[in-house]
Amino acid sequence: MTTTSSTARAARPKDDARDQAVARTRSKRGGTVWPTYLFLTVMAVMWLIPLLWAVYTSLRPKADTDRYGYFSVAGAFNLQNYIDAWNQGGFITYFGNSVLITVPTVILTLLFASMMAFAVSRYSWRFNVTLLIMFTAGNLLPPQVLATPLFEMFKLVQLPYSISDSGTLLNQLYSVIAANTAFQIGFCTFVLSNYMKAIPMELSEAARVDGAGVWTQYWRVIMPLTRPALAALGTLEVIFIYNDYFWPLILIQTGNKLPITTAINNLQGQFLSNYNLLAAGAVITVIPTLIIYLALQRQFIAGLTLGANKG
Amino acid sequence: MSAPLVALGDTEVGSGAKQPPARRRRLRQLNSQDRIVLGVMIAIPTLIQAVLVWLPTLGSIALSFARWDGLALSDIHGNGLTNYRFVFAESPQFWPAVLHNVTWLAFLAVIGTPLGLLLAVLLDSKIRGTRIYQTIFFMPVMLSLALIGIIWELVYSQDNGLLNFLLGTSGTPRAIDWFGNSHVNLWAALVAATWRHAGYIMILYLAGLKGVDPSLREAAALDGANGAQTFFRVVFPAMAPTNVIIVVITVIESLRAFDIVYVINHGTNGLELLSVLVVQYLVGETQVIGIGSAFAVVLLVISLVPIVIYLSRTFSTKER
Numbered sequence: 002m003t004t005t006s007s008t009a010r011a012a013r014p015k016d017d018a019r020d021q022a023v024a025r026t027r028s029k030r031g032g033t034v035w036p037t038y039l040f041l042t043v044m045a046v047m048w049l050i051p052l053l054w055a056v057y058t059s060l061r062p063k064a065d066t067d068r069y070g071y072f073s074v075a076g077a078f079n080l081q082n083y084i085d086a087w088n089q090g091g092f093i094t095y096f097g098n099s100v101l102i103t104v105p106t107v108i109l110t111l112l113f114a115s116m117m118a119f120a121v122s123r124y125s126w127r128f129n130v131t132l133l134i135m136f137t138a139g140n141l142l143p144p145q146v147l148a149t150p151l152f153e154m155f156k157l158v159q160l161p162y163s164i165s166d167s168g169t170l171l172n173q174l175y176s177v178i179a180a181n182t183a184f185q186i187g188f189c190t191f192v193l194s195n196y197m198k199a200i201p202m203e204l205s206e207a208a209r210v211d212g213a214g215v216w217t218q219y220w221r222v223i224m225p226l227t228r229p230a231l232a233a234l235g236t237l238e239v240i241f242i243y244n245d246y247f248w249p250l251i252l253i254q255t256g257n258k259l260p261i262t263t264a265i266n267n268l269q270g271q272f273l274s275n276y277n278l279l280a281a282g283a284v285i286t287v288i289p290t291l292i293i294y295l296a297l298q299r300q301f302i303a304g305l306t307l308g309a310n311k312g
Numbered sequence: 477m478s479a480p481l482v483a484l485g486d487t488e489v490g491s492g493a494k495q496p497p498a499r500r501r502r503l504r505q506l507n508s509q510d511r512i513v514l515g516v517m518i519a520i521p522t523l524i525q526a527v528l529v530w531l532p533t534l535g536s537i538a539l540s541f542a543r544w545d546g547l548a549l550s551d552i553h554g555n556g557l558t559n560y561r562f563v564f565a566e567s568p569q570f571w572p573a574v575l576h577n578v579t580w581l582a583f584l585a586v587i588g589t590p591l592g593l594l595l596a597v598l599l600d601s602k603i604r605g606t607r608i609y610q611t612i613f614f615m616p617v618m619l620s621l622a623l624i625g626i627i628w629e630l631v632y633s634q635d636n637g638l639l640n641f642l643l644g645t646s647g648t649p650r651a652i653d654w655f656g657n658s659h660v661n662l663w664a665a666l667v668a669a670t671w672r673h674a675g676y677i678m679i680l681y682l683a684g685l686k687g688v689d690p691s692l693r694e695a696a697a698l699d700g701a702n703g704a705q706t707f708f709r710v711v712f713p714a715m716a717p718t719n720v721i722i723v724v725i726t727v728i729e730s731l732r733a734f735d736i737v738y739v740i741n742h743g744t745n746g747l748e749l750l751s752v753l754v755v756q757y758l759v760g761e762t763q764v765i766g767i768g769s770a771f772a773v774v775l776l777v778i779s780l781v782p783i784v785i786y787l788s789r790t791f792s793t794k795e796r
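Given below as structure tokens:
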């Protein structure tokens, strides 16, 4: 991407010329724009249908959908399904667990990954590229590849009951935090090391001349300059961890310790005969991500493309 | 919209060529306190990775050659290739799972990814409301695949699903149980997965398209190339770095597919995948760790192909 994005920047004044050229080719063939709009609009409607259908179903009482069928407009519309789903589903516990897992995981991941990225990108030492490759590779593996031994390891660790009610690392939120952190560090290290590599070495030199040690250079010089990348990655990781289904599925055995994404399984069983409740439960689960999405869309997309474009 | 971040990093690298940059410091030049601090900063993340990622991966390989019920470590007994013999020759689920993974990859490669590319190309041109379209297409990317399974369950259900209402088969014997019928449920799950995948690919290609030098298109347009020619002969090849990442993402996503089929029916009855087989031998009543590990190793070996290709490309261009 080195050449392409820098030239894109330099060439911005030429955009007008490009637009004119594009406009000319368009007008030559005349009216080529409306099929594009038609296609995009049809696709957009199709894209929205599953979500809108869930919202629509969730707003109707079961009695009415039983009477008129789900594919109908008759009957009442209210929020009763949300109230019932909230009361029956144990959402507060699940959301609480999601927060208890997501917040520490994202903080720890960014902290450890930035430390590693700093060491890899600002200093040259033997094996630094090798380690970076190993970190990146670890994140690309399907988690199922290492799930069984990790589960067995956690089962074998004996802990006092004061810090673990199961006596092992299984069925503990901090085990999920550990597994998620380990799995995400690789990706974040890769992205952050690319970002830190681009910060001029002269800044570190100047700080060093002023007597700043390694930690001061990391915490006071490099980290503040990495803030845009940390914000983008942080948003991305919040969504990733909130949406993680797999590690709690493997590591947590009791329902009241599950985060919301994995608890969906139970919800499905619980509400199976009542699609209105299931729809309301699904919509409730969507809401936190939707809020983050609408508030931090730019950060989220920046995080995704930051990771991908650094090829 | 990601351009500032991406451009910032990249242009700085490029500008390094103009003036000789300060070199990265070598460890020898550090005093002992700094060396210790740096050592700790490297050691903590590396230890976490080693213990929780690399060691279990090696553990899968080791256990795949052993017989173990998952209870006491002293009960682990080597049994050579027995587990692999079972996986390849006897397991009734292995070859269907491979076929399903291949189908998953083919569907995403032929439909999901090109659809994302098409959306990106259309939205990259001067379209009114492009942000609204982008927001809509990108929305499913924010959702977990588990939740996507539930949302589509409401569409696919036999008696109450939207699809059968639209097809006019609802309530008749011809109504299809889209997630329950083993002839169609893989395709139904793939449509739901594509709902998310296409938006993801769209965003990555939108960033890629912004990086293509506009003067290339201009030149092609002035030379009389039509839209399709400009795209396929000029713009698409210019996006080579993005294309590589998209290929890798598509392959890895199809190997990682798990959540959605597990939510639908725990990956049974037509939805078997390699990732599911690993988990079935882990959480099932009879813990046959060796066989589950053998499935994990097969998945590992296949996954290493795209991972090695990606890493060798990424890190070899970086050294230049």
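From first to last, the protein sequence lines are chains P and X. In short: position in the first sequence from 1, add 1, done, that's my numbering. In short: position in the second sequence from 1, add 476, done, that's my numbering. Note that beta-carbon positions come from the ideal geometry of N, C-alpha and C, so glycine has one too.
Within chain P, partners of residue i - CB distance below 7 Å
i      : result
X/Q509 : G214
X/P572 : Under the 7 Å cutoff, chain P gives no residues; its nearest Cβ is about 17 Å from X/P572.
X/I587 : In chain order: nothing, as chain P lies at least about 13 Å away.
X/P460 : A question about residue 460 of chain X goes unanswered here, because the residues of chain X that appear run from 477 up to 796.
X/L731 : P143
Reference residue i, options the options, closest by Cα
i      : options                        : result
X/V660 : X/D600, X/K602, X/H576         : X/H576
X/P521 : P/V287, P/Q218, P/A183         : P/A183
X/V727 : X/Q756, X/N702, X/I778         : X/I778
P/I186 : P/L101, P/L141, P/K258, P/M44  : P/L141
X/A733 : X/F583, X/A683, X/A526         : X/F583
X/A573 : X/I627, X/V752, X/R511         : X/V752
P/A232 : P/I242, P/I302, P/R68, P/Y38   : P/I302
X/D551 : X/N559, X/T558, X/L539         : X/L539
P/P51  : X/D600, X/R672, X/R693, X/I740 : X/R672
X/T589 : X/G554, X/I725, X/L621         : X/I725
P/N1   : X/F564, X/K602, X/I736         : For residue 1 of chain P there is no data in the structure shown, the boundaries of chain P being 2 and 312.
X/T579 : X/Y786, X/I783, X/E748, X/D689 : X/E748
Three-state secondary structure assigned by DSSP to residue i
i      : result
P/M44  : helix
P/G31  : Summary for P/G31: the model assigns pLDDT 45, below 50, so the residue's position carries little reliability; its value from the coordinates is reported in the next sentence. Three-state DSSP puts P/G31 in coil, outside helix and strand.
P/Y243 : helix
X/H553 : strand
X/S779 : helix
X/R650 : coil
P/Y124 : strand
X/A548 : coil
X/A696 : helix
P/R61  : coil
X/R501 : strand
X/R604 : coil
X/A716 : helix
P/A208 : helix
X/R733 : A quick correction: the sequence has Ala, not Arg, at residue 733 of chain X. DSSP places X/A733 in coil when its eight states are reduced to three.
X/A542 : strand
Under 8 Å from the C-beta of residue i: neighbouring residues of chain P
i      : result
X/Q525 : M135, F136, G139, A183, I186, G187
X/S550 : Those do not exist, as X/S550 stays about 12 Å from chain P at its closest Cβ, beyond 8 Å.
X/L557 : None at all; the shortest Cβ gap to chain P is about 18 Å.
X/F613 : M44, A45, W48
6 Å CB neighbourhood of residue i in its chain, flanking five on each side removed
i      : result
X/V586 : none
P/V121 : N129, L133, S194
X/N640 : S646, A651
X/S491 : In this predicted model, X/S491 has a pLDDT of only 36, less than 50, meaning its place in the structure is not dependable; the value taken from the coordinates is given anyway. Around X/S491: no qualifying Cβ.
Other residues of its chain near residue i: CB distance less than 8 Å, five sequence neighbours each side excluded
i      : result
P/N275 : K63
X/I537 : S769, V773, L776
P/L80  : L60
X/G657 : Per the sequence presented here, residue 657 of chain X reads as Asn, with Gly not at that position. Cβ within range, chain order: G746.
Cutoff 7 Å; reference residue i; Cβ partners in own chain excluding five residues on either side
i      : result
X/F562 : I767
P/K156 : T169, L171
P/L278 : N82, D85, A86, F272
Contact set between residue i and chain X, taken where Cβ atoms lie within less than 9 Å
i      : result
P/E238 : Simply none; closest approach about 13 Å.
Within chain P, partners of residue i - CB distance below 9 Å
i      : result
X/N636 : T58, T66, G70, Y71, F72, Y276
X/A704 : Ordered by position in chain P, no residue passes the 9 Å Cβ test against X/A704, which lies about 11 Å from the chain.
X/F791 : V130, L133, I134, T137
Residues that residue i contacts on chain X, provided the C-beta gap is smaller than 8 Å
i      : result
P/L279 : I626, E629, L630
Cβ-heavy atom distance, residue i to the ligand NAP, below 7 Å
i      : result
X/N559 : With respect to small molecules bound, the structure shown includes none, and the ligand NAP cannot be examined in it.
Partner residues on chain X for residue i, Cβ-Cβ distance less than 7 Å
i     : result
P/W54 : L630, V631, L638
Which residues, in chain order, does the region 735 to 757 of chain X contribute to contact with chain P at a C-beta distance below 7 Å? D735, V739, S751, V754, V755
Of all the residues that make up the region 641 to 655 of chain X, which are near chain P by a beta-carbon distance shorter than 9 Å? F641, L642, S646, G647
Which residues, in order along the region 534 to 548 of chain X, keep a beta-carbon less than 7 Å from a beta-carbon of chain P? G535, S536, L539, G546
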